[in-house]
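> For reference, the structure I am asking about is given below.
In the working numbering, the protein residues as written are 16 to 250.
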């Protein structure tokens, strides 16, 4: 996503990864359960229909649980009746229920067709040590850190099913849990976000003051007079 922005704008671009509150401050890791998880609105741009279709052809032996609401909920429930061992539609879930679901999921699947940046559900899953399976759209691949925290795929039913099978064959539901939690602590913890944000504002503040001083020198003004003239100094 950062590279895409850089191609369109001439100003400097700094990537500060998004954050989510740490509901797992002990950094505990749970044994994965028997399901994969989708969390989000049940709308077309989320790749919900592609994921639902993938449930019929994936042969991992594990179900896919859908959490959320949206216009396709009724359609998903019809598909659930046709494949009860492969799909589970949970509807809306509050924070406590979501936490329990995240920590035991084999992986969180984010099959978005849209060019998403950093969905909160993905960061929340990482905080519980749950690895990600994400589409190769937008900034989603940045979340898996080159494969440390998950895998990516083309968001169509066949590729999603293949990604799940490959994920299982590689033992990633177990192997990537520690790296997933590490990814959260290193890149998405609120503390890290604040550190990066404050460091960025300090650098930008110094750069601005330097520009003001240089402009003041050219104009024959003191820097504080120049800043006040530009409307950023004291009244």
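Even for Gly, the Cβ is constructed at its ideal location relative to N, Cα and C. Remember, predicted model here, so these are calculated numbers, not experimental data.
(1) Answer with buried or exposed for residue 161, where buried requires no fewer than 16 other C-beta atoms within 10 angstroms of its C-beta.
(2) So is residue 107 buried or exposed if we call it buried at 16+ other beta carbons inside 10 Å?
(3) When you compare the CB positions of residue 294 and residue 52, do they come within less than 8 Å of one another, or not?
(4) For residue 60, which residues from the same chain have a beta carbon less than 8 Å from its beta carbon, with the 5 sequence-adjacent residues on both sides left out?
(5) Tell me the start and end of each unbroken alpha helix (DSSP H) in the region 42-89 that is at least 4 residues and wholly inside, in chain order.
(6) Pairs of beta-carbons, one from the region 197-214 and one from the region 168-183, closer than 8 Å: are there three or more?
(7) Counting only runs that start and end within the region 158-211, where is the alpha helix (DSSP H) found for 4 or more residues in a row?
(8) Is there contact between the region 138-152 and the region 74-87, where contact requires at least three CB pairs shorter than 8 Å?
(9) When we look at the beta-carbon of residue 216 and count the other beta-carbons within 10 Å, is it buried (16 or more) or exposed?
(10) Can you name the start and end residues of the beta strand (DSSP E) that residue 103 belongs to?
(11) Out of 19, 28, 33, 26, which one is the CA nearest neighbour of residue 199?
(12) Which of helix, strand or coil does DSSP assign to residue 147?
(13) Could you give the DSSP three-state label for residue 244: helix, strand or coil?
(14) Under three-state DSSP, which class holds residue 128?
(15) What does DSSP give as the partner residues of residue 155 in its beta bridges?
(16) State the Cα-Cα distance for the pair residue 131 and residue 97, rounded to the nearest angstrom.
(17) Pick out whichever of 87, 193, 165 has its Cα sitting closest to the Cα of residue 183.
(18) Can you tell which of 134, 178, 176 has its C-alpha closest to the C-alpha of residue 157?
So, from the listed chains and residues:
(1) For this step, residue 161 is matched to residue 146 along the chain shown. Per the 10 Å Cβ criterion, exposed.
(2) In the chain shown, the residue the question calls residue 107 occupies position 92. It counts as exposed.
(3) Past the boundaries of the shown model lies residue 294; the chain is included only from 16 to 250, so the question cannot be answered.
(4) If you number the chain shown from 1, residue 60 lands on position 45. Only 127, 128, 129 meet the Cβ criterion.
(5) 63-72
(6) no
(7) 172-184, 187-190, 192-198
(8) no
(9) As a working mapping, residue 216 is identified with position 201 in the chain shown. Answer is exposed; the Cβ neighbour count stays below 16.
(10) Numbered from its first residue, the chain shown carries residue 103 at position 88. Per DSSP, residue 103 belongs to the beta strand (DSSP E) from 102-106.
(11) Taking the first residue of the chain shown as position 1, residue 199 is located at position 184. When each option's Cα is compared against that of residue 199, the closest is 33.
(12) As a working note, residue 147 is residue 132 in the chain shown. Three-state DSSP puts residue 147 in a strand.
(13) Position 229 of the chain shown, counted from the start, is the residue given in the question as residue 244. Only weak support is given to the placement of residue 244: the predicted model assigns it a pLDDT of 48, under 50, and the value that follows is read from those uncertain coordinates. Helix at residue 244.
(14) As a working mapping, residue 128 is identified with position 113 in the chain shown. Residue state, collapsed to three classes: coil.
(15) Within the chain shown, the letter at position 140 stands for residue 155. Answer is none; residue 155 lacks a bridge partner.
(16) Within the chain shown, the letter at position 116 stands for residue 131. Within the chain shown, the letter at position 82 stands for residue 97. About 31 Å.
(17) Residue mapping note: residue 183 aligns to position 168 of the chain shown, counting from 1. Comparing Cα positions, the closest option is 165.
(18) What you label residue 157 is simply residue 142 of the chain shown in a count that begins at 1. Nearest C-alpha to residue 157: 134.
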